[in-house]
Amino acid sequence: MVSILIVDRNPHVREFLRRELAGRGYHILAAGSGEEMLDALSASSGPRVVVIDPDLPDQAGLPLLRRLAREFPGVRVVVHAHAGDAGLELAGTDVVVKNGRTDNLLDAVSRAAARSGGPAAV
């Protein structure tokens with residue numbers, strides 16, 4: 008089972024995404040800040056995929072995504088951001104605009120899970 012880390016400052020978004028992804032067979036972890044994300048990723052059985060809105064209270068934007076890519080190169084990243092933040096792409100990431108629909112996000116997570124070596128969907 009692929010572990011997915013949802014990183015978003017909004018607890019309602021985290022819970023909504025947790026339900027959507029857990030319902031598809033993924034093991035879900037959640038974080039509300041960059042520091043919580045780094046702690047979860049540092050765990051020995053850390054997640055293989057991160058779904059992140061890079062607008063976090065303690066760290067934000069492209070520097071955070073670069074740090075994530077540098078320190079955890081095996082982790083696949085899906086950026087889940089508002090339309091104005093959609094330019095936050097790095098090699099190997101999918102960017103999905105927050106629009107209240109989950110189909111594009113679920114597809115991106117499935118692709119990221121497949122690239123991580125786990126099952127694409129359950």
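One gets the numbering used here by counting positions in the sequence shown from 1 and adding 7 to each. Beta carbons are placed, not taken as given, at the ideal position from N, Cα and C, and that holds for glycine. All values derive from a computational prediction rather than experimental measurement.
Going by the CB atoms, is the gap between residue 54 and residue 12 shorter than 8 Å? yes
Residue 118: which of 63, 58, 19 and 77 sits nearest, CA to CA? 58
Leaving out five residues before and five after residue 83 in sequence, what residues of the same chain have Cβ atoms less than 6 Å from its Cβ? 56, 119, 122 and 123
Can you grab the Cα-Cα spacing for the pair residue 47 / residue 74, in whole Å? 15 Å
Could one say the Cβ of residue 89 lies closer than 8 Å to chain C's Cβ atoms, at least one of them? Going by chain labels, chain C is absent from the structure shown, which holds only one protein chain.
Out of curiosity, what's the CA-to-CA distance linking residue 15 and residue 39? 5 Å
For the candidate residues 109, 44 and 87, whose alpha-carbon lies nearest to that of residue 103? 87
Sheet register partners of residue 38 (DSSP bridge): 14
Residues near residue 101 by beta carbon distance below 6 Å, same chain, minus five either side: 85 and 115
Return helix, strand or coil for residue 85, following the three-state DSSP convention. strand
When you compare the CB positions of residue 41 and residue 65, do they come within less than 8 Å of one another, or not? yes
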